[in-house]
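J.:
Numbering (full-length UniProt numbering), first residue to last: 1 to 224.
1) Closer than 7 Å by C-beta to residue 71: which residues in its own chain qualify, once you throw out the five before and the five after it? Chain order, please.
2) Please state whether DSSP places residue 158 in a helix, a strand or coil.
3) Nearest-angstrom Cα distance between residue 188 and residue 39?
4) Run the CB neighbour count on residue 29, radius 10 Å, all protein chains shown included, and call it buried at 16 or more, exposed below.
5) Mind checking whether residue 81 and residue 215 have CB atoms under 8 Å apart?
6) Can you pull the DSSP bridge partners for residue 223?
7) Tell me the rounded alpha-carbon separation between residue 93 and residue 147.
8) Three Cβ pairs or more, each shorter than 8 Å: is that satisfied between the segment 58–73 and the segment 96–111?
9) In this structure, how does DSSP classify residue 100 when only helix, strand and coil are distinguished?
10) Is the Cβ-Cβ distance between residue 128 and residue 110 less than 8 Å?
11) Specify the secondary structure class of residue 36 as computed by DSSP and reduced to three states.
12) Rounded to the nearest angstrom, what separates residue 201 and residue 135 at their Cα positions?
13) Just mark residue 186 as buried or exposed, buried being the case when its beta carbon has 16 or more other beta carbons within 10 Å.
14) What is the DSSP secondary structure of residue 57, counted as helix, strand or coil?
15) Decide if residue 217 is buried, meaning its Cβ has at least 16 other Cβ atoms within 10 Å, or exposed.
16) In the DSSP assignment, what are the bridge partners of residue 144?
17) Rounded C-beta distance between residue 157 and residue 122? I'm assuming under 8 Å.
18) Using a Cβ-Cβ cut-off of 7 Å (strictly less than) and excluding sequence neighbours within five positions of residue 131, which residues of its own chain qualify?
19) Please report how far the alpha carbon of residue 173 lies from the alpha carbon of residue 35, in whole angstroms.
20) Just the Cα atoms here: how many angstroms apart are residue 226 and residue 151?
Spelled out as structure tokens, the structure:
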């Protein structure tokens, strides 16, 4: 083999070597880029998971020392459920909003200061009175009872300088498996003086004063 032929072969071998080295370098770069992208995606996935991670649902198995968000919708006077949306009848003044309360172990009902609490129409809750659990004679179901003094806005036709007391009653439902308490079926009533006995929502007679609890709205309570 001539010298020129050897040189040609060596040059070809060197070129093939350089070509292989370039390919290997490109493969390493591609592998590094792929690994970097995978790390970035893992990080993004972790951040998304942390950002949208669902907070464990709050639940109570006992009323004592529980905290609730009370969402209400009621009128400043007694209304007829069936005729509330009847255009032919006079429209009641309806208030709706939310307030957070604590049902303490000693039977007190405490308002929890919270920026999320709201009230349409500027209705203001004053004092919440103590809570109690009672079994109804009518359906043998257990109910949660409490009341609150409410200041109506001056624009309300039933406005008074003294607070109006509203009564809250809701059935206590429990999940048979978990024991979780649900308070989803609440009724708001107002005590009204009456002359003859009627049959609306119950009769209250104390000291010769005959009164009747009249329906004026509804509410639900969710644990917080």
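The C-beta atom is built at its ideal place from N, Cα and C for all residues, glycine as well. Predicted, not measured: the structure shown is a model, and the values here were computed from it.
T.: According to the structure shown:
1) Excluding sequence neighbours, residue 71 sits near 98, 219, 220.
2) Three-state result, residue 158: coil.
3) Distance between the alpha carbons of residue 188 and residue 39 is about 57 Å.
4) Exposed, by the Cβ-count rule.
5) A contact, by the Cβ cut-off of 8 Å.
6) Paired residues: 68.
7) Rounded to the nearest angstrom, the gap between the Cα atoms of residue 93 and residue 147 is 20 Å.
8) Between the segment 58–73 and the segment 96–111 there are three or more inter-stretch CB-CB distances shorter than 8 Å, so the stretches are counted as touching.
9) The three-state reading of DSSP puts residue 100 in strand, counting E and B together.
10) In this structure, residue 128 sits near residue 110, with a CB-CB distance shorter than 8 Å.
11) Note: residue 36 maps to helix in three-state DSSP.
12) Only weak support exists for where residue 201 lies, its pLDDT of 46 falling under 50; the value from the coordinates is given anyway. Distance between the alpha carbons of residue 201 and residue 135: 16 Å.
13) Classification for residue 186: buried.
14) It is coil, neither helix nor strand.
15) With 16 or more other Cβ atoms within 10 Å, it is buried.
16) Partner(s): 133, 170.
17) The Cβ separation is near 15 Å, so there is no contact.
18) These residues qualify, in order along the chain: 103, 107, 109, 144, 145, 146.
19) Approximately 54 Å, taken between the alpha carbons.
20) Past the boundaries of the shown model lies residue 226; the chain is included only from 1 to 224, so the question cannot be answered.
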